[in-house]
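Enquirer:
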Amino acid sequence: MTVRDSEMPAIRAERLVKIYGEGNTEVVAMQDASMHVNRGEVVALLGPSGSGKSTFLTAVGLINPPTSGQIFIGSTLVLDGERPHADLRSMRRQHIGFIFQKSNLIPFLSAVENVQIAMELNGQTSIAARRRALELMDYLGVAERADNLPSMLSGGQQQRVAVARALANKPSVILADEPTAALDSRRSRQVMELLATVAHEQGAGVIVVTHDHRALDVFDALYEMEDGRMRRKKSVIHSVIS
Amino acid sequence: MNLATKDIRRNLGRFALTCLGISMLLMVVMGMGGIYRGIVEDATLLIDRIGADLWIVQRDTRGPFAEVSRVPRNLVHRALAVPGVSSAREFLYHTIQRERNGKPLRIAVLGLSWPADKGEWLPLTAGRPLGQAHFEMIADTSLGLALDEQLTLGEDTYRVVGQTESMISSSGDGIGFFTVADARVIQFDQTGEAVRLERAAREARGRQFDVARAQPQLLENAVRPAAELPQIAGPQISAVMLHVLPGRDRGQVAEIVSAWGDVSVYTKDAQRELLLQGSVEKVRRQIGLFRILLVIIAAIIMALILYTMTLDKIHSIALLKLIGAPNKVILALIMQQALVLGTIGFGIAYLLGQRVFPLFPRRVILDGSDLLQLAGIVLLISLGSSLLGLWRAMRVSPNEALS
Ligand SMILES: Nc1ncnc2c1ncn2[C@@H]1O[C@H](COP(=O)(O)OP(=O)(O)OP(=O)(O)O)[C@@H](O)[C@H]1O
Ligand SMILES: [Mg+2]
Chain A
178 MTVRDSEMPA IRAERLVKIY GEGNTEVVAM QDASMHVNRG EVVALLGPSG
228 SGKSTFLTAV GLINPPTSGQ IFIGSTLVLD GERPHADLRS MRRQHIGFIF
278 QKSNLIPFLS AVENVQIAME LNGQTSIAAR RRALELMDYL GVAERADNLP
328 SMLSGGQQQR VAVARALANK PSVILADEPT AALDSRRSRQ VMELLATVAH
378 EQGAGVIVVT HDHRALDVFD ALYEMEDGRM RRKKSVIHSV IS
Chain B
4 MNLATKDIRR NLGRFALTCL GISMLLMVVM GMGGIYRGIV EDATLLIDRI
54 GADLWIVQRD TRGPFAEVSR VPRNLVHRAL AVPGVSSARE FLYHTIQRER
104 NGKPLRIAVL GLSWPADKGE WLPLTAGRPL GQAHFEMIAD TSLGLALDEQ
154 LTLGEDTYRV VGQTESMISS SGDGIGFFTV ADARVIQFDQ TGEAVRLERA
204 AREARGRQFD VARAQPQLLE NAVRPAAELP QIAGPQISAV MLHVLPGRDR
254 GQVAEIVSAW GDVSVYTKDA QRELLLQGSV EKVRRQIGLF RILLVIIAAI
304 IMALILYTMT LDKIHSIALL KLIGAPNKVI LALIMQQALV LGTIGFGIAY
354 LLGQRVFPLF PRRVILDGSD LLQLAGIVLL ISLGSSLLGL WRAMRVSPNE
404 ALS
């Protein structure tokens with residue numbers, strides 16, 4: 178990865194605001210949250226519960242449009258407030274990989290099919306998709322459970338299948354919301370390192386929401402949210418020590 | 004990868020049960036159509052089988068099937084004299100209900116014009132046509148009479164010499180074929196006491212007349228059998244059937260006969276219409292309406308089933324949207340399952356129906372064009388009823404995959 182590559186933007190969020198509800202029940206979940214992630218960069222998003230981390234992540238994931246603000250994927254403007262400037266679903270399919278706290282696999286598909294389907298939806302043939310799915314699962318150490326249904330896998334195994342699915346289409350952005358919540362510390366560190374490796378090898382911009390302060394050293398940058406506001410922390414080392 | 008079949012395979016047991024349920028429902032819809040066909044077919048079957056070109060009946064009646072008709076026996080000879088007529092036969096038809104082994108036995112009694120007509124035209128499944136002028140009968144299997152069995156009706160006993168299948172009256176009773184003479188005896192089956200009483204009444208009436216007072220020996224006639232008395236009309240028959248010579252115009256023959264003041268004449272087609280528009284019409288409409296109702300119910304139930312099937316998958320559908328599946332993938336998932344459900348349901352309904360319907364007391368006819376029509380309806384229902392599920396699936400936001 179060259180320096181120039183790493184300075185290509187993967188995703189950019191400008192002054193995102195999200196307001197849930199109206200009148201009495203109005204909740205401002207996000208206020209002027211901005212973030213810039215380059216390709217090959219791995220960013221951690223920290224913050225107390227209810228500070229708006231998931232809201233931010235689903236906004237930049239084009240699932241839950243912000244009330245105002247702009248979201249760029251690469252250098253294309255995709256969302257301006259709630260107004261889409263591109264087909265959100267196909268943007269998600271082609272450019273974004275998701276990993277969530279709960280594994281979120283399709284229950285009636287086997288592990289390998291769950292990975293395969295993401296690629297088939299993106300226009301790959303089923304043979305090619307299956308081959309790559311098995312490679313990815315092998316890489317993540319769950320190849321031997323390829324033909325099992327998600328309900329027969331452990332939480333950690335399910336999470337790794339979900340990671341495989343997120344990586345399947347070689348997305349330029351990977352969004353992970355507490356991906357290691359279901360894992361022990363050894364496994365969770367493994368997943369974090371894996372995300373970092375993928376980011377560096379594939380040139381993807383990665384945003385990881387995490388509460389786990391032990392693995393912060395793998396990140397290139399740290400952001401913190403509090404009451405809907407986003408703040409970039411000075412340095413990784415500083416936070417790790419403090 | 005086909006998501007619809009993957010999902011079905013995962014929930015195979017439940018899907019199979021659902022198919023079975025739908026198939027039962029469709030079988031009932033199918034059966035209703037079959038019963039409708041059966042009634043129409045049965046109503047006209049006798050007329051078609053007998054195959055007479057023209058029917059002469061009592062003037063202004065719609066007999067002999069739709070209502071009672073009485074014509075004199077000698078009408079046969081009059082009819083034979085009409086140019087163009089190749090044969091004229093007596094026809095006697097009435098329904099009796101007797102008791103046999105403690106159960107009611109309904110027989111549509113049909114008199115054959117012995118000796119011209121021994122019932123050779125009947126599609127016999129066993130036995131032979133009538134072989135003598137009296138005390139033999141051909142019974143439809145639906146009457147439950149075995150070959151060679153003896154059946155006592157009134158004073159006389161009849162032996163079953165032949166059997167037919169699905170020869171039934173328009174009201175569904177099995178037909179028993181007798182000679183006209185026997186059929187008449189069965190109809191006017193009188194005990195000795197009744198005959199004696201009638202003769203005594205005749206004598207009593209005679210005494211009222213001056214002629215009898217002047218010539219008392221005339222009263223001796225009163226106790227003689229009715230057939231020997233010119234004043235008393237001979238027993239009557241229901242109708243006369245005509246066959247027209249090949250190449251001759253039926254219309255012409257009918258025109259001549261209808262000029263006679265005491266009878267009306269109908270062609271075979273007119274007879275069929277009389278039955279369909281008369282006695283069968285209400286049943287037909289009733290079943291037709293019931294069938295429409297069932298189709299609507301089937302549509303509603305299928306819609307609900309497909310809706311719940313969609314609800315069961317709603318999380319997966321949200322997830323598919325989240326990872327960027329276009330709407331057509333989700334549409335295909337739901338529609339394909341609806342079609343599979345409809346097709347399998349229809350198939351099982353057909354197979355099941357073929358085993359179950361023959362056990363019904365009346366005929367259920369699965370007509371090819373009816374089945375095709377129903378298949379079309381099921382197709383429309385399947386697609387139409389998946390709309391509710393589709394509407395729900397289209398509304399779900401990818402956000403719901405996260406909750
Ligand atoms: N759909 C919603 N409707 C109304 N309010 C919401 C909704 N989703 C989130 N909120 C509110 O927005 C605020 C931010 O929520 P968010 O889920 O982004 O927090 P979070 O930082 O992810 O918290 P956690 O660490 O517990 O996951 C919270 O106050 C929450 O109650
Ligand atoms: Mg959260």
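The listed protein sequences derive, respectively, from chains A and B.
Quick note, the first sequence lines up with residues 178 to 419 if you use our numbering.
Quick note, the second sequence lines up with residues 4 to 406 if you use our numbering.
From the three backbone atoms N, C-alpha and C, an ideal C-beta is built for every residue, glycine too.
Check whether chain B comes within 9 Å of S267(A), counting only Cβ atoms and requiring the distance to be less than that.
Expert: At least one chain B Cβ lies under 9 Å of S267(A).
Enquirer: May I ask you to check if the CB of F233(A) is nearer than 8 Å to at least one heavy atom of ligand 1?
Expert: Yes, the Cβ of F233(A) comes within 8 Å of a heavy atom of ligand 1.
Enquirer: Suppose you measure from the CA of E290(A) to the CA of I283(A); what does that come to, to the nearest Å?
Expert: Going from the Cα of E290(A) to the Cα of I283(A) covers about 9 Å.
Enquirer: Can you pull the chain B neighbours of L286(A), defined as C-beta to C-beta under 9 Å?
Expert: The answer, in chain order, is M4, L6, K9, D10, R13 and S319.
Enquirer: Between N402(B) and I240(A), which are expected to be in contact by the criterion C-beta below 8 Å, what is the C-beta distance as a whole number of angstroms?
Expert: Rounded, the Cβ-Cβ distance is 6 Å, consistent with contact.
Enquirer: Let me check you understand the geometry: is the CB of K279(A) closer than 8 Å to at least one non-hydrogen atom of ligand 2?
Expert: No, the Cβ of K279(A) stays beyond 8 Å of every heavy atom of ligand 2.
Enquirer: If the criterion is Cβ atoms closer than 9 Å, does the pair I308(B) and T21(B) meet it?
Expert: Yes, they are a contact pair.
Enquirer: So V332(B) contacts chain A; which residues on that side make the cut at Cβ distance below 8 Å?
Expert: Those within 8 Å of V332(B) in chain A are L298.
Enquirer: Pick from L125(B), L405(B) and A184(B): whose alpha carbon is nearest that of S165(B)?
Expert: Reading off the sequence, residue 165(B) comes out as Gly, not Ser. Minimum Cα distance to G165(B) is reached at L125(B).
Enquirer: For M178(A), count the other beta carbons within 10 Å of its own beta carbon; 16 or more makes it buried, fewer makes it exposed. Which is it?
Expert: Residue placement at M178(A) is flagged as unreliable, the pLDDT there being 42, under the threshold of 50; the coordinate-derived value follows with that caveat. Burial call: exposed.
Enquirer: What is the DSSP secondary structure of N241(A), reduced to helix, strand or coil?
Expert: Of the three classes helix, strand and coil, the one that applies to N241(A) here is coil, per DSSP.
Enquirer: Is A359(A) near Q278(A), with beta carbons less than 9 Å apart?
Expert: Cβ distance < 9 Å, so A359(A) and Q278(A) count as in contact.
Enquirer: For S145(B), is the classification buried or exposed, using 16 other Cβ atoms within 10 angstroms of its Cβ as the cut-off for buried?
Expert: By the neighbour-count rule (16 or more Cβ atoms within 10 Å), S145(B) is buried.
Enquirer: Which residues in chain B have a C-beta closer than 7 Å to the C-beta of S303(A)? List them in chain order.
Expert: Chain B residues near S303(A): M4.
Enquirer: Using the beta-carbon of each residue, which ones in chain B are nearer than 7 Å to A295(A)?
Expert: Per Cβ cutoff of 7 Å: I326.
Enquirer: Contact criterion: CB-CB distance below 9 Å. Does R181(A) meet it with respect to chain B?
Expert: Below a pLDDT of 50, predicted positions are generally treated as unreliable, and R181(A), at 43, falls in that range; the measurement from the model is reported next regardless. No, its Cβ sits nowhere closer than 9 Å to a Cβ of chain B.
Enquirer: Measure the alpha-carbon distance for T244(A) versus V204(A) and round it to whole angstroms.
Expert: Those two C-alpha atoms are separated by around 12 Å.
Enquirer: What is the rounded straight-line gap between the Cα of G291(B) and the Cα of G36(B)?
Expert: Rounded to whole angstroms, G291(B) to G36(B) spans 8 Å at the Cα level.
Enquirer: Taking only three categories from DSSP, how would you classify Q367(A)?
Expert: In the structure shown, Q367(A) sits in a helix (DSSP, three-state: H, G or I).
Enquirer: Looking at C-alpha atoms only, which residue of F94(B), N5(B), G34(B) and I110(B) is the closest neighbour of I53(B)?
Expert: Checking every option, the nearest Cα to that of I53(B) belongs to F94(B).
Enquirer: Say the cut is 8 Å; is the CB of E403(A) nearer than that to a heavy atom of ligand 2?
Expert: It does not: the Cβ of E403(A) is nowhere closer than 8 Å to a heavy atom of ligand 2.
Enquirer: May I ask you to verify whether the stretch 382–398 of chain A touches the stretch 343–352 of chain A, counting CB pairs closer than 8 Å and requiring at least 3?
Expert: Judged by Cβ distances under 8 Å, the stretch 382–398 of chain A makes contact with the stretch 343–352 of chain A, as three or more pairs qualify.
Enquirer: What I want to know is whether the C-beta of E403(B) ends up closer than 8 Å to one or more non-hydrogen atoms of ligand 2.
Expert: Because no heavy atom of ligand 2 lies under 8 Å away, the Cβ of E403(B) does not count as near it: no.
Enquirer: Using beta-carbon positions only, say whether E206(B) and A230(B) come within less than 9 Å of one another.
Expert: No.
Enquirer: Residues bridged to W58(B) by DSSP?
Expert: For W58(B), which the question treats as bridged, DSSP gives the partners M244(B) and Y269(B).
Enquirer: 9 Å is my cut-off, CB to CB: does N104(B) come that close to chain A?
Expert: Not closer than 9 Å to any Cβ of chain A, the Cβ of N104(B) fails to qualify, so no.
Enquirer: Does the beta carbon of I188(A) sit closer than 9 Å to a beta carbon anywhere in chain B?
Expert: Judged by the 9 Å Cβ criterion, I188(A) is not in contact with chain B.
Enquirer: Can you name, in chain order, every residue of its own chain whose Cβ lies under 8 Å from the Cβ of L390(B), other than the five neighbours on each side?
Expert: Hits under 8 Å: A306.
Enquirer: Contact between the stretch 75–95 of chain B and the stretch 111–125 of chain B is defined here as three or more beta-carbon pairs at a separation below 8 Å; is this criterion met?
Expert: Short answer: they touch.
Enquirer: Could you tell me whether the stretch 25–39 of chain B touches the stretch 373–380 of chain B, using the rule of 3 or more Cβ pairs below 8 Å?
Expert: Cβ pair count under 8 Å is three or more, so yes.
Enquirer: Please classify E403(A): does DSSP put it in a helix, a strand, or coil?
Expert: Here E403(A) sits in strand by DSSP.
Enquirer: Should Q357(B) go down as buried or exposed, given a rule of 16 or more other Cβ atoms within 10 Å for buried?
Expert: The residue is exposed, with fewer than 16 neighbouring Cβ atoms inside 10 Å.
Enquirer: Would you kindly report the start and end of the unbroken beta strand (DSSP E) that includes N215(A)?
Expert: Run containing N215(A): V204 to N215, per the beta strand (DSSP E) assignment.
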